[in-house]
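Below is one structure, written out as structure tokens; the observations come after it.
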Amino acid sequence: MTSHSSHPHGLELHNAGQFYINGEWTSPAVPALLPVINPATEEVVAEVARGSAEDVNRAVAAARAAFPGWSATPVAERASILSKIHALILERKEPLAQALTLEMGAAISFSRAMQVPLAAEHVRVARDLLSTYRFQTVEGSTAIEREAIGVCGLITPWNWPLYQITAKVAPALAAGCTVVLKPSELSPLSALLFAQLVHDAGLPPGVFNLVNGSGPEVGATIAAHPDIDMISITGSNRAGALVAQAAAVTVKRVTQELGGKSPNVMLPDADFAKAVPLGVLSAFRNVGQSCSAPTRMIVPRARLAEVEALAADTANALIVGDPQSPDTQLGPIANEAQFSRVQAMIQAGISEGAKLLCGGPGRVPGFEKGYYTKPTVFSEVGSAMRIAQEEIFGPVLCILAYDTIDEAVAIANDTVYGLGAHVQAQDLELGRAVASRIRAGQVHLNHPAWNPMAPFGGYKRSGNGREYGVMGFEEYLETKAIIGFNA
Ligand code: NAD
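The C-terminal position of the sequence shown is numbered 487 in UniProt numbering, with every residue numbered one higher than the one before it.
Listed below in structure tokens is the structure:
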């Protein structure tokens, strides 16, 4: 059994073959390993333990036993541990960035500047809101109390591995919940470093537990487990629906952050020279592998030629390459399955008759190995085309033309998803009016700065519930009314 792997760039992964359960590193019940593949080289870079139902049972038992103690800890004590976790993420930012780049191919500059610092922000936010959050309010003779929901099963994806973990673990711990985390089997390395960091922060045994493994084995066992009270999953619609079905039997609360096909509406008065390049860059951020990536640029027909030129220039200027190189903007796609899917969707766009402005199918010249994909922009995309309807999750942008603002709104809403949306307008009143007509959980007006307090989540098939800030925190709380509290 591999329990220690070492890597280039100084990244040390102890305990890769183990799980973190009840405050210690422990071997799986049934020895089995899962390979972790570096998408830049297609080589196996580590092997992690592959869990089974027995491992989940042990982790849930530990979390259950720890719940009465942790949920009763003074809020200040929970805040203090979150402060330590936050400080340790910042202190260990370089090994965390290296792990992320190794496991999912993010450009190292992106891992350092975005993946790790934004992950730390979720911990800071959870800590900070503990200082003002009112767990009890009294109105008349009735008290409303908010209490930790219990043991939480947290299932995370591979695209923002550490960020998705802290977006769930930090508010859960802040609320007084205990957790069992199952990171994506495709990106489990940063999660192992995170578990060690949580241990080093002094969290009591059993409060945080980590079991690696596949969705159908470990994930499905978590979803159905009778002793888990709540599940939060980020991932595909397929997995989100399966988890909800399995969780329904034991009437768990299920929070889902699922797919997206987010529109970016350019209103006629937008500053196109600025807004189009920014729109392309945000669609291609993280190699397009973000659930809220604005992948449908909806533009006035009269401005189509100008938008096409700006979009193609921006995409063609992107530096795709070795994620370890400091100049690289886009590394490879994170894994082979995703690479194949993106290739198939690019082919679908061509077959459906969309106009290919740049990029296209096939590997990036000069890269025989690695899941490198050409930044691809399609224009003259019809809203009914597959590339306009299905989540691609790669560097593929669709440009759709509209004649009237009503039509722009109709195209924006012509999707089963409703996660993110962007609106570009110099007239803020007009921008706000269009934002209010879009059925999505977050609308970004004129590319504002990221706000970790803004609730994040989906309308329609993009999910249920919210993450981040106060609303994200409240997903981990139950509500109790004590009537007759004041005589
Ligand atoms: P996935 O949904 O299969 O995996 C996400 C997580 O769910 C992983 O931890 C996985 O092990 C787990 N899981 C899978 N099946 C499960 C089951 N039956 N029960 C419990 N847990 C289960 O995602 P994927 O296969 O890695 O990616 C597929 C597609 O999902 C992508 O093409 C993309 O469209 C979408 N995706 C969305 C997000 C997002 O942030 N919304 C993230 C990753 C992928």
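Beta carbons are placed, not taken as given, at the ideal position from N, Cα and C, and that holds for glycine.
Between the CA atoms of residue j and residue i - distance to the nearest angstrom
{"i": "Gly105", "j": "Gly279", "result": "22 angstroms"}
{"i": "Gly260", "j": "Leu400", "result": "17 angstroms"}
{"i": "Asn335", "j": "Cys358", "result": "23 angstroms"}
{"i": "Ala433", "j": "Pro268", "result": "14 angstroms"}
{"i": "Thr234", "j": "Ala487", "result": "45 angstroms"}
{"i": "Arg92", "j": "Ser109", "result": "16 angstroms"}
{"i": "Arg78", "j": "Trp70", "result": "8 angstroms"}
{"i": "Ala344", "j": "Tyr476", "result": "39 angstroms"}
{"i": "His4", "j": "Ala126", "result": "Low per-residue confidence applies at His4: pLDDT is 47, beneath 50, and the placement is therefore not dependable, though the value from the model is reported in the following sentence. Approximately 32 angstroms between the Cα atoms of the pair."}
{"i": "Pro226", "j": "Gln256", "result": "19 angstroms"}
{"i": "Ser27", "j": "Ile231", "result": "25 angstroms"}
{"i": "Ala113", "j": "Pro395", "result": "20 angstroms"}
{"i": "Leu154", "j": "Arg303", "result": "45 angstroms"}
{"i": "Arg64", "j": "Thr178", "result": "7 angstroms"}
{"i": "Ser379", "j": "Gly240", "result": "31 angstroms"}
{"i": "Asp427", "j": "Asn451", "result": "22 angstroms"}
{"i": "Pro326", "j": "Leu430", "result": "40 angstroms"}
{"i": "Val320", "j": "Phe367", "result": "10 angstroms"}
{"i": "residue 489", "j": "Ala388", "result": "No statement about residue 489 is possible, as the shown extent of the chain runs from 1 to 487 and does not include it."}
{"i": "Pro35", "j": "Thr156", "result": "18 angstroms"}
{"i": "Val60", "j": "Ala201", "result": "21 angstroms"}
{"i": "Gly219", "j": "Pro171", "result": "20 angstroms"}
{"i": "Trp25", "j": "Asn159", "result": "26 angstroms"}
{"i": "Gly404", "j": "Pro300", "result": "According to the sequence shown, residue 404 is Thr rather than Gly. Rounded to the nearest angstrom, the two C-alpha atoms are 8 angstroms apart."}
Beta-carbon proximity of residue i to residue j, cut-off 8 angstroms
{"i": "Ala191", "j": "Leu203", "result": "no"}
{"i": "Ser52", "j": "Ala29", "result": "yes"}
{"i": "Ala40", "j": "Pro332", "result": "yes"}
{"i": "Ala175", "j": "Ile482", "result": "no"}
{"i": "Val75", "j": "Leu129", "result": "no"}
{"i": "Gly465", "j": "Leu258", "result": "no"}
{"i": "Lys369", "j": "Glu103", "result": "no"}
{"i": "Phe393", "j": "Gly288", "result": "yes"}
{"i": "Gln442", "j": "Ala275", "result": "no"}
{"i": "Met266", "j": "Cys398", "result": "no"}
{"i": "Thr314", "j": "Leu281", "result": "yes"}
{"i": "Ser262", "j": "Ser292", "result": "yes"}
{"i": "Phe456", "j": "Glu467", "result": "yes"}
Buried/exposed call for residue i, threshold 16 Cβ in 10 Å
{"i": "Val169", "result": "buried"}
{"i": "Asn212", "result": "buried"}
{"i": "Met1", "result": "For Met1, the pLDDT reaches just 32, beneath the cut-off of 50, and the residue's location in the model is therefore unreliable, although a value from the coordinates is still provided. Classification of Met1: exposed, given that the 10 Å Cβ count is below 16."}
{"i": "Thr376", "result": "buried"}
{"i": "Leu82", "result": "buried"}
{"i": "Gly469", "result": "buried"}
{"i": "Ala224", "result": "buried"}
{"i": "Thr166", "result": "buried"}
{"i": "Pro448", "result": "exposed"}
{"i": "Arg238", "result": "exposed"}
{"i": "Leu90", "result": "exposed"}
{"i": "Asp229", "result": "buried"}
Nonlocal neighbours in the same chain, by C-beta distance under 6 angstroms from residue i, ignoring five residues either side
{"i": "Ala62", "result": "Ile21, Asn22, Gly206, Asn209"}
{"i": "Glu478", "result": "Glu147, Ile149"}
{"i": "Val254", "result": "Ile231, Ala244, Ala247"}
{"i": "Ser111", "result": "Ala97, Leu100, Thr101"}
{"i": "Glu121", "result": "Pro452"}
Residues near residue i by beta carbon distance below 7 angstroms, same chain, minus five either side
{"i": "Ala99", "result": "Leu11, Leu189, Ser190, Leu193"}
{"i": "Leu162", "result": "Leu96, Leu100, Gln115, Val116, Ala119, Ser190, Phe194"}
{"i": "Glu322", "result": "Contrary to the premise, residue 322 reads as Asp rather than Glu in this sequence. Taken in chain order, the residues that qualify are Ala40, Thr328."}
{"i": "Val198", "result": "Ile85, Phe208"}
{"i": "Leu318", "result": "Phe284, Gln329, Leu330, Pro375"}
{"i": "Phe67", "result": "Gly150, Val151, Thr178"}
{"i": "Gly306", "result": "Sequence inspection shows Glu at residue 306; the Gly mentioned does not correspond to that position. Excluding positions up to five away in sequence, the list reads Phe272."}
Contacting residues, own chain, Cβ-Cβ under 8 angstroms from residue i (five flanking each side not counted)
{"i": "Gln324", "result": "His9, Ala40, Thr101, Ile108"}
{"i": "Phe485", "result": "Val138, Ser141, Thr142, Ala143"}
{"i": "Glu47", "result": "Thr2, Ser5, Ala16, Gly17, Leu33, Leu34, Pro35, Val36"}
Chain D contact for residue i (CB, 8 angstroms cutoff)
{"i": "Phe67", "result": "In the structure shown, chain D does not exist; there is a single protein chain."}
Threshold first: 4 residues or longer. Then list the alpha helix (DSSP H) segments lying entirely within the segment 348-389, N to C. 386-389
In chain order, each alpha helix (DSSP H) run of at least 4 residues that lies wholly inside the segment 23-102: 53-71, 75-91
Just list the beta strand (DSSP E) runs in the segment 232-260, keeping only unbroken ones of 3 residues or longer that don't cross its boundaries, in chain order. 253-257
Could you tell me which whole alpha helix (DSSP H) segments of length 4 or greater appear in the segment 411-476? 428-437, 469-474
Mind pulling the alpha helix (DSSP H) runs of 4 or more residues that sit fully within the segment 278-357? 304-316, 336-351
Counting only runs of 4+ residues fully inside the segment 95-163, write out the alpha helix (DSSP H) ranges in chain order. 116-130
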